[in-house]
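Trainee: In terms of this note's numbering, the sequence shown opens at residue 1 and continues consecutively.
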Amino acid sequence: MATVQFRLRLSQCTSKLRCIGFADLSSDTSSPPLGTMVICPTKVDLDNEDDVASSLACMERGRPDGGPEMEVTLLTKKNSGSVKDDNILLMYLHGGGFTVRGGKNMLSHQIFTEMLKQDDKLMGRATFAIVEYRLAPLSHYPDATNDSMLALEYLVKTKGLGNSGVHIIGQSAGATLAMEVTLKSMSVDGLSVDSFLVDEPMIPLPRKNSNNNTWAFDSDSFRRYAWTSMPSTRWLEWSLMAYSGISFSELEESTIPIGMIETPVDITGGALSPEKWTQAVEEGGVPGLPHLLLVTALGDPLRSGGQYFKQVYEQVLMAAGETKPESKLSYMEAVSGHAGLYIFEPALFKRLMTVFLDKIRSVRRQRRFREDQLQNLNE
1 MATVQFRLRL SQCTSKLRCI GFADLSSDTS SPPLGTMVIC PTKVDLDNED DVASSLACME
61 RGRPDGGPEM EVTLLTKKNS GSVKDDNILL MYLHGGGFTV RGGKNMLSHQ IFTEMLKQDD
121 KLMGRATFAI VEYRLAPLSH YPDATNDSML ALEYLVKTKG LGNSGVHIIG QSAGATLAME
181 VTLKSMSVDG LSVDSFLVDE PMIPLPRKNS NNNTWAFDSD SFRRYAWTSM PSTRWLEWSL
241 MAYSGISFSE LEESTIPIGM IETPVDITGG ALSPEKWTQA VEEGGVPGLP HLLLVTALGD
301 PLRSGGQYFK QVYEQVLMAA GETKPESKLS YMEAVSGHAG LYIFEPALFK RLMTVFLDKI
361 RSVRRQRRFR EDQLQNLNE
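1) Could you tell me how far apart the beta carbons of residue 443 and residue 162 are, in whole angstroms, since I believe they sit closer than 8 Å?
2) In angstroms, rounded to a whole number, what distance separates the CA positions of residue 73 and residue 255?
3) Should residue 295 be labelled buried (16 or more other beta-carbon atoms within 10 Å of its own) or exposed?
4) Keeping to the same chain, check which residues put their C-beta closer than 7 Å to that of residue 313; ignore five residues upstream and five downstream.
5) Report all residues from its chain with a CB closer than 7 Å to the CB of residue 101; omit the five preceding and five following residues, and keep chain order.
6) According to DSSP, is residue 215 part of a helix, a strand, or is it coil?
7) Based on Cα-Cα distance, which residue from 138, 129, 183, 198 lies nearest to residue 284?
8) Going by DSSP, what residue range makes up the alpha helix (DSSP H) through residue 167?
9) Based on Cα-Cα distance, which residue from 372, 378, 364 lies nearest to residue 123?
10) Looking only at DSSP bridge pairs, what is residue 195 linked to?
11) Under DSSP, the alpha helix (DSSP H) around residue 112 begins and ends at which residues?
12) Is residue 182 helix, strand or coil by DSSP?
13) Tell me which same chain residues have a C-beta within less than 7 Å of the C-beta of residue 458, skipping the five on either side of it?
14) Where residue 319 and residue 336 are concerned, what is the direct C-alpha to C-alpha distance, given to the nearest angstrom?
15) Counting pairs of Cβ atoms below 8 Å between the stretch 257-276 and the stretch 337-349, do you hit three or more?
16) Report the start-end ranges of each beta strand (DSSP E) in the stretch 274-353 that is 3 residues or longer and not cut off at the edges.
17) Residue 171 and residue 357: beta carbons closer than 7 Å?
18) At what residues does the alpha helix (DSSP H) containing residue 128 begin and finish?
19) Can you grab the Cα-Cα spacing for the pair residue 106 / residue 116, in whole Å?
20) Assess contact between the stretch 186-194 and the stretch 240-252, defined as three or more Cβ pairs (one per stretch) separated by less than 8 Å. Is contact present?
21) Between residue 107 and chain D, is any beta-carbon pair separated by less than 7 Å?
22) Between residue 310 and residue 195, is the Cβ-Cβ spacing less than 7 Å?
23) If distances are taken between C-alpha atoms only, which option among 216, 245, 353, 244 comes closest to residue 233?
24) Is the CB-CB distance between residue 96 and residue 175 below 7 Å?
25) Which one or two residues does DSSP pair with residue 92 in a beta bridge?
26) Are residue 338 and residue 231 close, meaning C-beta to C-beta below 7 Å?
27) Between the Cα of residue 349 and the Cα atoms of 334, 362, 237, which residue gives the shortest distance?
28) Determine, using beta carbons only, whether residue 303 and residue 164 come nearer to each other than 7 Å.
29) How is the alpha helix (DSSP H) around residue 238 delimited, first residue to last?
30) DSSP puts residue 206 in a beta bridge; with which residues?
31) Do residue 286 and residue 192 have their CB atoms nearer than 7 Å?
32) Does residue 71 come out as helix, strand or coil in the three-state DSSP assignment?
Now the structure itself:
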């Protein structure tokens, strides 16, 4: 964890939006966050698009001088009531190549509203947390990971969220974060991620025949779809350099073929190593591996990275004694390019949310059953 002082901003939102202000949070102390919560004057009906757009002025105030500020927006269903002892945490990590901000975007709202449509009652117990982590080039790896871990630990341990399930949703760069955060959470006492949705992750792969440990985007899909503009392969490589903290001269960079920019920094934090997952299970004492819901897409230069992680996780599940890896791994593939399923494939998007909700329900049932058993023993 980083040693800098953070200000963690929580925007607590319902269909009548309430934004709650600042809490001081330091990563180098065991003390709980302290600070005065203030009510933001804006109230918004989330069913009204114009009102939602106008509310962003409230939720996106600039970062103050004097140190990095971190923002987490919490969404809950309108009139959901008190579900403190039966609460589901959904933590959302946005995409953008680690260089673009945008957690409160159309995709995050689309996910949450679709889940509400499919199971209004279940989502009445859910808190949807949108994390705004630090971005490159002003920040480098592992700042985004540290921010995400900081948010997860605060939401679970201090806010008391997720006692009926903790689930992480990540898209693109956020999907890469979801992989690492899930892995690291297994070694933190009191954290237990139950499932993670990895949607078209931004994964540089280990270089073959390399004398050094380096990673690059070069892969079958990166070469085949090099022409695409969503996302641009050149922009992906610039983002990789920015987040890794490496640079080349303009002349040197112009001579490097597409996909061949190498970084000595593993921005997945070991999530591509089966041994790291096995070690986390053994050392963390967690009951089992979390369920992975993985999405890749044809036409996406990052497709090979997602498929590589699928093979890694299958290997991890087999090593853990899972005779049926499909029970802990769900895989879907879109056909409309990077993030295209949200616009061009509504049926696939709905099915994705259906599968995710099934897992959330299953986890809640298991957790409530264990809670009931413990309560009966104590009586």
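Cβ coordinates follow ideal geometry from the N, Cα and C atoms, glycine included.
Mentor: Based on what the coordinates show:
1) Lying before the first or after the last residue shown, residue 443 is absent from the chain, which here runs from 1 to 379.
2) Mapped onto the sequence shown, residue 73 falls at position 73. Mapped onto the sequence shown, residue 255 falls at position 255. Approximately 43 Å between the Cα atoms of the pair.
3) The residue you call residue 295 lines up with position 295 of the sequence shown. Under this definition residue 295 is a buried residue.
4) By 1-based counting over the sequence shown, the position of residue 313 is 313. 292, 329.
5) Mapped onto the sequence shown, residue 101 falls at position 101. So the qualifying residues of the chain are 132, 135.
6) Along the sequence shown, read from residue 1 onward, the residue named residue 215 stands at position 215. Looking at residue 215 - three-state DSSP - the assignment turns out to be strand.
7) Taking the sequence shown and counting its residues from 1, one reaches residue 284 at position 284. Of the listed residues, the one whose Cα sits closest to residue 284 is 183.
8) Looking up residue 167 in the sequence shown gives position 167. Where residue 167 is concerned, there is no enclosing alpha helix (DSSP H), although the beta strand (DSSP E) it sits in stretches over 166-171.
9) Position 123 of the sequence shown, counting from 1, holds the residue named residue 123. Comparing Cα-Cα distances from residue 123 to each of 372, 378, 364, the minimum goes to 364.
10) Your numbering for residue 195 matches position 195 in the sequence shown. In the DSSP output, where bridge partners are listed per residue, residue 195 has 167, 291.
11) For the purposes of this step, residue 112 is taken as the residue at position 112 of the sequence shown. 106-118 is the span of the alpha helix (DSSP H), which, as asked, contains residue 112.
12) In the sequence shown, the residue the question calls residue 182 occupies position 182. Correct three-state label for residue 182: helix.
13) Because the chain in this structure spans residues 1 to 379, residue 458 falls outside the shown range and cannot be described.
14) Counting from one through the sequence shown, the residue named residue 319 turns up at place 319. Counting from one through the sequence shown, the residue named residue 336 turns up at place 336. Pairing residue 319 with residue 336, the inter-Cα distance amounts to about 34 Å.
15) no
16) 291-297, 329-334
17) Sequence index remark: in the sequence shown, residue 171 carries index 171 (1-based). Sequence index remark: in the sequence shown, residue 357 carries index 357 (1-based). Contact flag unset, no.
18) Start at 1 with the first residue of the sequence shown, and residue 128 comes out as number 128. Note, residue 128: premise wrong, no alpha helix (DSSP H); beta strand (DSSP E) at 126-132.
19) Sequence index remark: in the sequence shown, residue 106 carries index 106 (1-based). Sequence index remark: in the sequence shown, residue 116 carries index 116 (1-based). Cα-Cα distance, rounded: 15 Å.
20) no
21) Although the question refers to chain D, the structure presented lacks it and comprises just one protein chain.
22) Walking along the sequence shown from the start, residue 310 turns up at place 310. Walking along the sequence shown from the start, residue 195 turns up at place 195. No, the Cβ-Cβ distance between residue 310 and residue 195 is not below 7 Å.
23) Counted from its first residue, the sequence shown places residue 233 at position 233. Answer by Cα proximity: 216.
24) If you number the sequence shown from 1, residue 96 lands on position 96. If you number the sequence shown from 1, residue 175 lands on position 175. Against a cut-off of 7 Å, the Cβ pair of residue 175 and residue 96 comes out as no contact.
25) If you number the sequence shown from 1, residue 92 lands on position 92. In the DSSP output, where bridge partners are listed per residue, residue 92 has 130, 169.
26) Counting from one through the sequence shown, the residue named residue 338 turns up at place 338. Counting from one through the sequence shown, the residue named residue 231 turns up at place 231. Residue 338 is a Cβ neighbour of residue 231, given a cutoff of 7 Å.
27) Here residue 349 corresponds to residue number 349 of the sequence shown, with the count starting at 1. Looking at the Cα atoms, 334 is the closest of the given residues.
28) By 1-based counting over the sequence shown, the position of residue 303 is 303. By 1-based counting over the sequence shown, the position of residue 164 is 164. No, the Cβ-Cβ distance between residue 303 and residue 164 is not below 7 Å.
29) Within the sequence shown, numbered from 1, the residue matching residue 238 stands at position 238. Residues 233-244.
30) Residue numbering aside, residue 206 sits at position 206 when the sequence shown is read from its first letter. Beta-bridge pairing links residue 206 to 215.
31) Counting from 1 along the sequence shown, the entry for residue 286 is found at position 286. Counting from 1 along the sequence shown, the entry for residue 192 is found at position 192. Closer than 7 Å, so yes.
32) For the purposes of this step, residue 71 is taken as the residue at position 71 of the sequence shown. Strand.
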